[in-house]
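Student: Which chain is which? The protein sequence lines are A and B, in order. First residue of the first sequence? That's 1 in our numbering, and the numbers climb one at a time after it. First residue of the second sequence? That's 1 in our numbering, and the numbers climb one at a time after it. Beta carbons: idealized from backbone N, C-alpha and C, even for Gly. Only a predicted model underlies this, so the values are computations on that prediction, with no experimental measurement involved. I'd like to ask you about the structure that follows.
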Amino acid sequence: MNEIFFGALPYVAFTVLIVGTLYRYATNTRTWTTKSSQFLAKDSLKIAGPMFHLGLAMAFGGHVIGILIPKFLTDSAGIDEHLYHIIALAGGIPAGILFFVGFFLLMQRRFGNPRMKVNTSKMDGWLYLILFFAIATGCLATTLNATGILGDFNYRETISVWFRSLLIFQPDISVMENVPLIFKCHLLCALALITIFPFTRLVHCLSFPFEIFFRNSIIYRRK
Amino acid sequence: MKIKAQVAMVMNLDKCIGCHTCSITCKNVWTNREGAEYMYFNNVETKPGIGYPKDWENQEKWQGGWQVKDGELSLRTGSKLERILKLFYHPRQPELLDYYEPWTYDYETLIHSGRKNHQPVARPRSLITQKRMEIQWGPNWEDDLAGGESARQDYNLKHMGIDITLEFQDIFMKYLPRNCNHCLNPACVAACPSGAIYKRDEDGVVLVSQDVCRGWRHCIPACPYKKVYYNWKTNKAEKCTFCYPRLENGLPTVCTDTCVGRIRYLGIILYDADAVFSTAKTADEKNIYPNLLDVIKDPSSAEVQAAARAEGISEAVIKAAEISPVYKIIKGWKLALPLHPEYRTLPMVWYIPPLSPIIKATEDKVYLPDSESMRIPLEYLATIFSAGDVGVIKKTLQRLLDMRAVMRQKEIDAAPPKNLEFELGEYEKMYRLLGIAKYADRIKLPAGLQGKTHEQLRELQGSTGYACPGGCC
Numbered sequence: 001m002n003e004i005f006f007g008a009l010p011y012v013a014f015t016v017l018i019v020g021t022l023y024r025y026a027t028n029t030r031t032w033t034t035k036s037s038q039f040l041a042k043d044s045l046k047i048a049g050p051m052f053h054l055g056l057a058m059a060f061g062g063h064v065i066g067i068l069i070p071k072f073l074t075d076s077a078g079i080d081e082h083l084y085h086i087i088a089l090a091g092g093i094p095a096g097i098l099f100f101v102g103f104f105l106l107m108q109r110r111f112g113n114p115r116m117k118v119n120t121s122k123m124d125g126w127l128y129l130i131l132f133f134a135i136a137t138g139c140l141a142t143t144l145n146a147t148g149i150l151g152d153f154n155y156r157e158t159i160s161v162w163f164r165s166l167l168i169f170q171p172d173i174s175v176m177e178n179v180p181l182i183f184k185c186h187l188l189c190a191l192a193l194i195t196i197f198p199f200t201r202l203v204h205c206l207s208f209p210f211e212i213f214f215r216n217s218i219i220y221r222r223k
Numbered sequence: 001m002k003i004k005a006q007v008a009m010v011m012n013l014d015k016c017i018g019c020h021t022c023s024i025t026c027k028n029v030w031t032n033r034e035g036a037e038y039m040y041f042n043n044v045e046t047k048p049g050i051g052y053p054k055d056w057e058n059q060e061k062w063q064g065g066w067q068v069k070d071g072e073l074s075l076r077t078g079s080k081l082e083r084i085l086k087l088f089y090h091p092r093q094p095e096l097l098d099y100y101e102p103w104t105y106d107y108e109t110l111i112h113s114g115r116k117n118h119q120p121v122a123r124p125r126s127l128i129t130q131k132r133m134e135i136q137w138g139p140n141w142e143d144d145l146a147g148g149e150s151a152r153q154d155y156n157l158k159h160m161g162i163d164i165t166l167e168f169q170d171i172f173m174k175y176l177p178r179n180c181n182h183c184l185n186p187a188c189v190a191a192c193p194s195g196a197i198y199k200r201d202e203d204g205v206v207l208v209s210q211d212v213c214r215g216w217r218h219c220i221p222a223c224p225y226k227k228v229y230y231n232w233k234t235n236k237a238e239k240c241t242f243c244y245p246r247l248e249n250g251l252p253t254v255c256t257d258t259c260v261g262r263i264r265y266l267g268i269i270l271y272d273a274d275a276v277f278s279t280a281k282t283a284d285e286k287n288i289y290p291n292l293l294d295v296i297k298d299p300s301s302a303e304v305q306a307a308a309r310a311e312g313i314s315e316a317v318i319k320a321a322e323i324s325p326v327y328k329i330i331k332g333w334k335l336a337l338p339l340h341p342e343y344r345t346l347p348m349v350w351y352i353p354p355l356s357p358i359i360k361a362t363e364d365k366v367y368l369p370d371s372e373s374m375r376i377p378l379e380y381l382a383t384i385f386s387a388g389d390v391g392v393i394k395k396t397l398q399r400l401l402d403m404r405a406v407m408r409q410k411e412i413d414a415a416p417p418k419n420l421e422f423e424l425g426e427y428e429k430m431y432r433l434l435g436i437a438k439y440a441d442r443i444k445l446p447a448g449l450q451g452k453t454h455e456q457l458r459e460l461q462g463s464t465g466y467a468c469p470g471g472c473c
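Encoded structure:
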């Protein structure tokens, strides 16, 4: 079972992510958009939109740091386990609150305003469901872990090690054996998100317009 | 000098009868689709009025167009960093109700109603939510002042600091047909985060690439004329295309073609692309209009033609520029003015300001009044067409009055009026072009704007529009 979940599924998910995204970009850029709904409901987006995106960016950054930076590097930098977790929670708690509250406000807006129906596809529905579980399990796992209910579990010695082993194509499944169920659920949600990413509105994050800083203000093009 | 060609339009507001044929034919061709129902690439407003979308001229509210700050030209909508932050929520983007909620009627009830004491009615239904709705506002809610409720909210009046009375003896109005101005310095192009909006090199038409647009929607507040629209179905920006598929084949835009009053003139102008930014940066906004005239170059000058050839502009386009009716009106006679030049986008749809009936008090004394004694206050026209410079409006209207005086004297066989600006023959030409010009005189477009040679066009014969015969490659 573990082989499938932690050895095969991640590769399937990332393959779908990469191939699917490239395929959609190559064949169907006309549907590649932010799907902005500000035009339909402006006021309710004012706080919720930026809040959600800020929480998301912070949470994403936290995951990158927690998963990609090996423990021995922070150890050698003189940051011990206790200090590391204080830093992690100092960033993580506000991120979680912004992310979750932002998500809640956005959903209230999306399903409370009849106009928003034209901006909500069936795929969006699935996306929000998975996103909800991903945020909920993530927040719950962090809370349980921080309060010590899960014992002396350390994701940096288990999940992070496993994820980095995926990146070098030598999956180390053994470290995942004693990972608490709630973390496994969170992982499963993440894999689901990664899999459906190319087919949802999420793709707009890849189009973040950095080019605005580099291009001429007026563009001339020949036919 | 870097010469580029631009398709420019002139509208003779004296002849606009406010029939909305341009809006409707445009709508039937371009925006009768789901997601675009609320869009009017071309609309006709009654001025004074708040317009479509509501209060679009209020740039304190929308922050459209450009500004000069510390001698530098920048988008009023904010610095690049500010604009990145506004990706998540743009405080200046108009929303649906700033335009109006599009609706249809339950026509079915008219046919399927059972036998009743009262006639069945078709009640309105929202095209967004598909639910019953009360109609609160429409794309042309203030047609012919419509009771005048919103007329006094006109931003131009507030800007001038005057109130108008709606008493019958003083009231005034005029029509203002508006489509995309295909500006020389378009703010929408500069504001687009994705670089999806571009100005065509061949004819200056400003287009949104539907494949590159990511729906960041920054073009919409950035355009001071509010002529870029957000499609709620495709979630991308759309705007007037100047009917480019028609232009490419030497045909005018649909609005021009179908104009009942024959108010629209379409032709080529040649302009100096190197001078665009410095003109947009003009310190005193009243000088933008005269400087813009300098950007437009004389197409019959050998130097300009040589520069145009050096840029690869085809002979057909240069020829069209030489005989361009819009060049004649804009620069030859200086009869047309840009709409709100103070937005600094250098618009390429120009307006001949309207003469208007004289006020009752002076009516019985003169045949033709001074421009000051006409119904539409000069200050009002100046706020709209010349950044508040009343002198420009006065001169422009005087040319139109002179033309009428010359033609009248000719008719009654009297001596021509004195202090004329042009030769007598020019007024006759002016009268012909403004008054009785035929289709082919009002519209002078070269075929093959894309610069395709006859050889290339012949290859396309029989290919039914595909890139190669049979369409297989």
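Which residues in chain B have a C-beta closer than 8 Å to the C-beta of Ile97(A)? List them in chain order.
Tutor: Near Ile97(A) there are no residues of chain B at all, since even the closest Cβ is about 17 Å away, more than 8 Å.
Student: Short check: CB of Lys281(B) to CB of Leu73(B), under 8 Å?
Tutor: Going by C-beta atoms, Lys281(B) is nearer than 8 Å to Leu73(B).
Student: Anything in chain A within Cβ reach of Ile84(B), meaning under 8 Å, just list it in chain order.
Tutor: Chain A residues near Ile84(B): Pro209, Ile212.
Student: Can you confirm whether Gln170(A), when its beta carbon is compared against all beta carbons of chain B, has any partner nearer than 8 Å?
Tutor: Chain B, which has no Cβ nearer than 8 Å to the Cβ of Gln170(A), makes this no.
Student: Can you give me the C-alpha to C-alpha distance between Gly470(B) and Thr241(B), rounded to a whole angstrom?
Tutor: With a pLDDT of 46 at Gly470(B), under the threshold of 50, the predicted position of this residue should be treated as unreliable, though the coordinate-derived value follows. Straight-line Cα distance between these residues: approximately 28 Å.
Student: What does Ser194(B) reach in chain A if we use C-beta pairs closer than 7 Å?
Tutor: What Ser194(B) touches in chain A: Ser207, Pro209.
Student: Tell me which same chain residues have a C-beta within less than 7 Å of the C-beta of Val390(B), skipping the five on either side of it?
Tutor: So the qualifying residues of the chain are Leu378, Glu379, Ala382.
Student: Is Tyr107(B) close to the ligand HEM? I mean its beta-carbon at under 7 Å from any heavy atom of the ligand.
Tutor: Of the ligands one can find in the structure shown there are none, so the ligand HEM has no counterpart to examine.
Student: What residues of chain A sit near Ala415(B), judged by a beta carbon separation below 7 Å?
Tutor: Those do not exist, as Ala415(B) stays about 52 Å from chain A at its closest Cβ, beyond 7 Å.
Student: For Thr234(B), which of helix, strand or coil comes out of DSSP?
Tutor: The answer is coil: DSSP assigns Thr234(B) none of H, G, I, E or B.
Student: Is His182(B) close to chain A? Criterion is C-beta to C-beta, closer than 8 Å.
Tutor: Output row for His182(B): interface = no.
Student: Return the CA-CA distance between Pro94(A) and Cys213(B), expressed in angstroms with no decimal places.
Tutor: Computed Cα separation, rounded: 33 Å.
Student: Just to check my reading of the structure: Gly215(B) and Lys35(A) have Cβ atoms closer than 8 Å, yes? What is that Cβ distance to the nearest angstrom?
Tutor: Between Lys35(A) and Gly215(B) the Cβ distance is about 7 Å, and since that is below 8 Å, they are a contact.
Student: By the DSSP assignment, the alpha helix (DSSP H) with Ser23(B) in it spans what residues?
Tutor: Here the alpha helix (DSSP H) through Ser23(B) covers 21-26.
Student: Residue range of the alpha helix (DSSP H) that Trp498(B) falls in?
Tutor: It is not possible to answer for residue 498(B), since the shown part of chain B is limited to 1 through 473.
Student: If we define contact as Cβ-Cβ less than 8 Å, is Val118(A) a contact residue for chain B?
Tutor: Chain B contact via Cβ: present.
Student: Taking Cβ positions only, does Thr34(A) come closer than 8 Å to chain B?
Tutor: Judged by the 8 Å Cβ criterion, Thr34(A) is in contact with chain B.
Student: Nearest CA to the CA of Thr258(B): which residue from Thr25(B), Lys2(B), Tyr229(B)?
Tutor: If we check each option's Cα against that of Thr258(B), Thr25(B) comes out closest.
Student: Less than 8 Å between C-beta atoms, sequence neighbours within five positions excluded: which residues of the same chain meet that for Asn113(A)?
Tutor: Only Leu40, Ala41, Ser44 meet the Cβ criterion.
Student: Restricting to Cα atoms, I'd like to know which of Ile17(B), Val205(B), Ala187(B), Ala190(B) is closest to Met9(B).
Tutor: The option with the nearest alpha carbon to Met9(B) is Val205(B).
Student: Would you please verify whether the beta carbon of Gly215(B) is less than 8 Å from any beta carbon of chain A?
Tutor: So, interface residue.
Student: Reducing DSSP to helix, strand and coil, say where Asn12(B) ends up.
Tutor: Strand at Asn12(B).
Student: Quick one: Cα of Asp80(A) to Cα of Leu73(A), how far?
Tutor: So the two alpha carbons sit approximately 11 Å from each other.
Student: State yes or no: is the beta carbon of Arg109(A) nearer than 8 Å to at least one beta carbon in chain B?
Tutor: Not closer than 8 Å to any Cβ of chain B, the Cβ of Arg109(A) fails to qualify, so no.
Student: Between which two residues does the alpha helix (DSSP H) containing Tyr380(B) stretch?
Tutor: Counting along the chain, the alpha helix (DSSP H) containing Tyr380(B) begins and ends at 378-385.
Student: Kindly list, in the order they appear in chain A, the residues whose Cβ is closer than 8 Å to that of Lys131(B).
Tutor: Here the neighbours are Pro114.
Student: Could you check if Asn249(B) is buried or exposed, using at least 16 other CB atoms within 10 Å of its CB as the buried criterion?
Tutor: Exposed, by the Cβ-count rule.
Student: So, helix, strand or coil for Gly267(B), using DSSP?
Tutor: Strand at Gly267(B).
Student: What number of angstroms, rounded off, separates the C-alpha of Ile162(B) from the C-alpha of His63(A)?
Tutor: Those two C-alpha atoms are separated by around 60 Å.
Student: Flag this pair as touching only if the region 113-132 of chain A and the region 188-202 of chain A have three or more C-beta atom pairs under 8 Å; answer yes or no.
Tutor: As far as the Cβ criterion goes, the region 113-132 of chain A touches the region 188-202 of chain A, which means the pair count is three or higher.
Student: Kindly indicate if chain B contains any beta-carbon less than 8 Å away from that of Arg221(A).
Tutor: It does; some Cβ of chain B falls within 8 Å.
Student: In the DSSP assignment, what residue or residues form a beta bridge with Ser126(B)?
Tutor: Its beta-bridge partners are Trp103(B).
Student: Nearest to Cys183(B) by CA position, among Glu428(B), Leu339(B), Glu426(B), is which residue?
Tutor: The option with the nearest alpha carbon to Cys183(B) is Leu339(B).
Student: Classify Lys47(B) as helix, strand or coil using the three-state DSSP reduction.
Tutor: Correct three-state label for Lys47(B): strand.
Student: For Pro177(B), report the span of its beta strand (DSSP E) as first-last.
Tutor: 174-178 is the extent of the beta strand (DSSP E) around Pro177(B).
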